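Chains as they are written, first to last, in the working numbering: chain A, 1 to 498; chain B, 499 to 660; chain C, 661 to 981.
Don't be surprised by glycine CBs; every beta carbon is placed ideally from N, CA and C.
Just so you know, these numbers come straight off a predicted model, no measurement behind them.
Please read the structure below before turning to the comments.
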Amino acid sequence: MFDSVIAASIYLGSFENILYLCLGVTVGLVFGTIPGLGGATAIALLLPLTFGMEAEQAMILMGGIMGAVAIGGSISAILLNTPGTAPNAATCFDGYPLTQQGKAGIAIGAAATASALGGIIGLGILVMVIPVAKSIVLLFGPPAFFMMAVLGLTSLVAASDNLLRGLIAACVGLFVAFIGYDEIGGELRYTAGIDYLWDGISLVPILIGLFAIAEMAKLFVKGGTIAQTPTDGDLTRITGTLDGVKAVFKNPKTLLAGSTIGSLVGMVPGVGGTVASFMSYSFTAQFSKNNENFGKGDIRGVIAPEASNNAKDGGSLIPTLAFGIPGSAEMALFLGVLVLHGMTPGPMLLIEREYSIFVLILALLLSTIFGAIIMLSASRYLVKITYIDSSILIPTVISIAMVGAYALHGSIGDVFAAGFFGLLGYLMIRFDYPRITFVIALVLGSLMERSFTQSLLMFQGDWTRFMTEGTSRILFILTVIALLVPILHKLRKYWRAS
Amino acid sequence: MMRTLQFRPSLAAALVLLTLAVLVLWGAMGFDRSSAVFPLFIGKIFFGLALLEVVLEVRKLYRPDDRLAASALDIPAEERKSVWKEVKAFIWLAAFLLLLYLVGFVVAIALYLFSFLRLSAGRSVKDSLIFTAGVTLFVYVVFMVLLGYDLYGGMLFERFAL
Amino acid sequence: MVLKSLTTLMFASVLGLTSYAQADFPEKEVSIVIPYGPGGGFDLAVRSFAPFFAKQFGEDTVVLPVNKPGAGGRLGTATLYRAKPDGYTLAIINLPGFALPEILNEKVDYDLRKMSWIGRLESQNYFLLVSAKSDIYTLEDLQNQDKITFLSTGYGSTVLAAAQIAAASLGLNEKSPVYITGYESTSNALVGLVRGDGNVAVSPVSSSSKYIESGDLRAIAVSGDEAVDDVQTFAQLGYPNLTQLNLDRAIAGPPGMAPELLAKLRKAFDAAVQDPEFLAQAKKARMDVLPLNGEQAQESLEDSYRFYEQFSTSLSNPNAN
């Protein structure tokens with residue numbers, strides 16, 4: 001194995017290949033930042049470009065993109081409260097409040113560093129786990145997926161101040177997830193005959209509407225600029241970034257927790273990075289000391305999800321490479337690139353093409369680091385965006401966001417969907433219903449229903465087997481713990497108060 | 499005795515949600531068994547929760563000495579002004595979407611930006627033109643030229659041109 | 661006299677113009693619509709094939725793959741059906757996949773039988789698979805199992821239809837087989853089989869061979885006329901009516917294409933498909949190139965309809981009631 005690593009490093013060192021890497025990183029950063037465009041779109045666009053390349057060069061390009069996308073996405077999440085890609089959604093919760101307090105530099109610094117370190121840790125876990133990759137993927141069947149989804153939903157409890165409204169928002173999210181063709185039952189649900197809704201509504205336009213458009217509407221009503229508290233002089237902004245970087249090192253436990261959760265959840269195909277970052281956020285918010293400030297600008301609320309959404313890249317390669325089961329749209333496209341270059345994912349791939357895999361891993365590693373460095377250097381300029389007057393910012397952001405929504409599938413329906421969810425998002429802000437729980441439920445809804453139905457078919461109707469079978473049992477216990485802990489916390493607070 | 503019922507927007511919201519719950523439940527009852535399991539289950543929970551929220555909101559109506567109800571009283575004038583602003587925000591959005599549908603991205607963005615900057619922000623013609631040109635050019639160059647996207651050309655053009 | 665010559669002149673120029681246009685086809689880029697998102701088997705097939713197809717028309721021709729995913733392939737297919745038959749819009753079609761909705765009595769926005777078939781690119785047979793750890797080695801073993809659980813993708817997919825047809829033909833329906841559907845892709849279902857979610861699955865050869873190579877799955881029969889390695893065909897094992905189970909990828913144009921235009925496209929297709937460079941690229945991308953020309957593709961389509969309609973009673977959704 002080590003000679004493969006060395007050979008791969010030498011290969012990467014060539015000038016031409018470094019150029020490919022930089023191209024990937026640049027594309028990844030830009031596509032990540034613009035809400036709506038994401039890793040999947042980037043890979044789709046550059047896929048034809050890889051036709052004439054050697055397999056390893058394609059790996060470098062793709063690795064460059066994938067490593068940098070989540071970093072780019074954190075910028076819009078922090079500055080505009082709009083996740084650049086779905087996994088960045090959790091970064092908004094504490095990133096944006098920091099921006100509003102004029103501390104965007106700190107948030108960006110922390111996000112970049114957490115992303116880089118999280119990515120490294122995730123890749124480290126990947127390398128350690130490769131030998132047993134197959135067994136890991138085989139551990140998770142429909143019952144485990146269902147329990148995983150339920151566990152993810154428990155993070156709702158932590159994510160909502162007002163539990164009742166949080167749960168209601170989650171219910172609405174679930175119903176939005178139900179829209180479309182149900183593959184198992186064969187029914188078209190809630191589509192009212194509209195063709196566009198056949199496949200359901202894609203997550204990205206919903207996120208764009210719910211966050212970007214809604215925030216711009218809010219800004220319109222409020223007026224002014226995003227950052228309320230003016231900082232004094234340029235110096236503050238630079239040290240802000242450094243402070244952010246240091247903050248990551250001061251919170252190693254948060255970093256580790258985020259990376260591990262991201263990596264592990266990423267390994268479960270179908271669950272994906274969005275859920276991973278929410279779970280990291282939720283876990284950190286619940287189990288950290290002095291956690292009253294989560295949601296109001298606690299830097300750990302930026303570190304955890306950002307570490308997670310880069311660590312997941314390492315994790316999600318496992319089912320993709322070992323079995324050709326992509327964990328996300330990005331991975332699905334990446335699979336296409338692999339096949340095109342004669343690398344058929346499957347149990348044999350990790351053995352036969354070790355060298356190419358290591359080129360990919362190294363490319364991912366370098367791209368995360370490069371991406372973070374670029375972002376840190378650009379931080380000063382990026383922060384200025386938050387001081388742009390709303391009258392310019394609003395139409396610009398809305399225009400570009402709509403382009404992003406369209407770019408996903410080339411469907412004008414997505415643009416209207418984004419508009420609709422913009423209205424909905426604004427109403428949710430106005431009436432104090434958390435958008436977070438809506439999104440979590442939306443993301444987990446299909447997975448939950450599908451694996452539940454499949455599990456029941458497997459168990460022939462016997463519910464109790466969720467709690468007795470293998471992985472599912474472990475996850476069930478974790479879910480129970482996840483539900484009990486906040487209740488115990490609150491009980492303890494009452495105790496102490498009296 | 500019964501107080502004059504204040505219009506509480508959050509009560510209205512809760513009622514809308516309750517209606518939504520009823521609607522989706524009703525829809526779910528028309529599905530084949532397998533497709534209906536989850537929607538029915540969640541629908542019932544949704545209904546229950548929405549009902550609870552309505553009840554809580556109604557209770558707040560009848561507690562005039564409650565801080566929450568009191569603060570609802572001194573908002574009216576402010577609220578009216580901001581409600582109009584909210585409506586305006588979405589009129590702009592709807593207009594933009596309509597434009598997009600009719601004339602496609604590049605033209606719509608240009609028109610939208612220019613009118614917004616002039617009408618809503620009251621900027622000078624010169625400023626508005628500069629910003630509009632800048633952003634439209636950016637979108638055009640980055641998306642259409644560099645990335646080779648085929649940005650939607652708009653209903654009107656696709657019907658009559660070609 | 662003048663009028664007559666004018667009329668003749670007009671006719672001549674019109675005729676000349678049309679043949680001029682056709683003789684000069686293509687004058688702009690040709691699109692091949694892929695009714696799926698990028699990265700899948702159909703996508704790769706078109707991307708591999710397109711440049712060689714383009715070559716047949718001359719140096720400057722561009723053949724552009726266009727993804728139009730949605731509604732399980734219906735969106736792209738409907739787009740093709742509605743397009744102008746001027747030769748500039750073509751598509752790759754999943755057979756019998758896109759014919760299934762009609763066979764299952766659902767409303768569709770296209771009629772495959774009316775399309776202008778240019779040629780079939782690939783054809784794949786199906787394996788009947790069990791886990792390598794199971795004690796099922798022959799079809800009889802399978803028939804003797806107490807509980808039979810098929811794993812497949814969702815309702816409307818070819819894999820599920822194939823599984824149901826296999827169950828009907830092999831007499832498995834007496835054991836009330838369970839169908840766990842809803843796996844997001846054939847790969848997911850196959851991994852489920854390895855894991856033990858169920859005990860049998862039907863899958864196209866190319867999707868499953870890697871699992872057989874790695875020793876995770878075992879194939880106990882294959883459709884088609886030729887045995888694969890030591891896996892015998894259904895026909896050899898006594899079930900010839902399962903021979904026709906297959907998955908085809910074919911290129912078609914919209915209905916109503918002018919015969920000369922269609923002939924031109926078919927000729928280019930036949931030539932491109934034999935181009936050794938294409939075959940090399942196809943091999944690299946692990947395509948199963950088994951070409952049929954346009955007419956043969958059309959016949960094959962009709963055969964498929966007949967084949968599947970035989971089984972229409974077995975093809976209802978096993979998980980809905």
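Same chain, Cβ closer than 8 Å to residue i, five either side skipped, listed in chain order
i: Leu219(A); result: Ile226, Ser390, Leu393, Ile394
i: Phe545(B); result: Leu516, Ala519, Val520, Leu523
i: Ile168(A); result: Tyr433
i: Gly233(A); result: Only weak support exists for where Gly233(A) lies, its pLDDT of 43 falling under 50; the value from the coordinates is given anyway. Here the set comprises nothing.
i: Ala887(C); result: Thr893, Gln896
i: Asp948(C); result: Glu782, Ser783, Gln784, Val865, Ser866
Coarse secondary structure for residue i, derived from DSSP in three states
i: Ala895(C); result: coil
i: Val749(C); result: The question names Val, yet the displayed sequence has Thr at residue 749(C). Residue state, collapsed to three classes: strand.
i: Arg561(B); result: coil
i: Gly913(C); result: strand
i: Ala55(A); result: helix
i: Ala568(B); result: Unreliable placement is indicated for Ala568(B), whose pLDDT of 43 sits below 50; the coordinate value is still reported in the next sentence. In the structure shown, Ala568(B) sits in a helix (DSSP, three-state: H, G or I).
i: Ile880(C); result: strand
i: Val722(C); result: coil
i: Ile778(C); result: strand
i: Val949(C); result: strand
i: Val790(C); result: strand
i: Ser964(C); result: helix
i: Leu47(A); result: coil
i: Gln755(C); result: The sequence given here has Leu at residue 755(C), not Gln. Here Leu755(C) sits in strand by DSSP.
i: Val245(A); result: helix
i: Val888(C); result: strand
i: Lys943(C); result: helix
i: Arg742(C); result: helix
i: Thr973(C); result: helix
For residue i, the residue or residues it bridges with in DSSP
i: Ser783(C); result: Asp908(C)
i: Tyr181(A); result: Leu188(A)
i: Val860(C); result: Phe810(C)
i: Leu692(C); result: Residue identity check: residue 692(C) is Ile in the sequence provided, not Leu. Its beta-bridge partners are Pro725(C), Leu750(C).
Contacts around residue i, its chain only, beta-carbon distance under 7 Å, and the 5 residues preceding and following it disregarded
i: Ser4(A); result: Glu354, Tyr355, Phe358
i: Gly916(C); result: Pro745
i: Ala526(B); result: Ala534, Pro537, Leu538, Gly541
Under 9 Å from the C-beta of residue i: neighbouring residues of chain A
i: Arg557(B); result: Under the 9 Å cutoff, chain A gives no residues; its nearest Cβ is about 13 Å from Arg557(B).
i: Ala631(B); result: Under the 9 Å cutoff, chain A gives no residues; its nearest Cβ is about 13 Å from Ala631(B).
Cβ shell of residue i (< 6 Å), same chain only, five flanking positions each side left out
i: Leu598(B); result: Ala606
i: Gly445(A); result: Leu174, Ala177
i: Val860(C); result: Val790, Phe810
i: Lys312(A); result: Gly262, Gly266, Gly273, Ala276
i: Met375(A); result: Ile71, Ala112
Partner residues on chain B for residue i, Cβ-Cβ distance less than 7 Å
i: Met402(A); result: Leu598
Chain A contact residues for residue i, given Cβ-Cβ distances below 8 Å
i: Ser533(B); result: Asp182, Ile184, Gly185, Gly186, Glu187, Arg189
i: Tyr815(C); result: Glu183, Ile184, Gly185, Gly186
i: Leu750(C); result: Going along chain A, no residue has its Cβ under 8 Å from Leu750(C), so there is no contact; the nearest lies around 18 Å.
Beta-carbon neighbours of residue i, restricted to chain B and to distances below 9 Å
i: Ala942(C); result: Those do not exist, as Ala942(C) stays about 26 Å from chain B at its closest Cβ, beyond 9 Å.
i: Ala68(A); result: Neighbours of Ala68(A) on chain B: none; closest Cβ ~16 Å, over 9 Å.
Beta-carbon neighbours of residue i, restricted to chain B and to distances below 8 Å
i: Asn979(C); result: Ser532
Residues that residue i contacts on chain C, provided the C-beta gap is smaller than 7 Å
i: Met526(A); result: Coverage of chain A is limited to positions 1 through 498, which leaves residue 526(A) absent and any answer about it impossible.
i: Pro142(A); result: Asp857
i: Ile325(A); result: Ser847, Asn848, Val851
i: Thr453(A); result: Gly842
i: Thr91(A); result: Within 7 Å Cβ-Cβ: nothing; Thr91(A) doesn't reach chain C, min ~27 Å.
(message) List, from N- to C-terminal side, the alpha helix (DSSP H) runs of 4 residues or more that fit wholly inside the region 808-846 of chain C.
(response) 818-829
(message) In chain order, what are the residue ranges of uninterrupted alpha helix (DSSP H) at least 4 long that sit wholly in the region 84-145 of chain A?
(response) 89-100, 104-129, 133-139
(request) Starting from the N-terminal side, write out each stretch of the alpha helix (DSSP H) that is 4 residues or longer and does not extend beyond the region 583-650 of chain B. (result) Entirely contained in the region 583-650 of chain B, the alpha helix (DSSP H) runs reaching 4 residues are, in chain order, 603-613, 623-637.
(request) For the region 264-336 of chain A, list the alpha helix (DSSP H) runs that are entirely contained and at least 4 residues long, ordered along the chain. (result) Counting whole runs of 4 or more residues, the region 264-336 of chain A contains the alpha helix (DSSP H) stretches 272-287, 300-323.
(request) Entirely within the region 395-456 of chain A and at least 4 residues each: give me those alpha helix (DSSP H) ranges in chain order. (result) 412-430
(message) Quick check for students: name the residue ranges of the beta strand (DSSP E) that lie wholly in the region 341-371 of chain A, counting only runs of 3 or more.
(response) none
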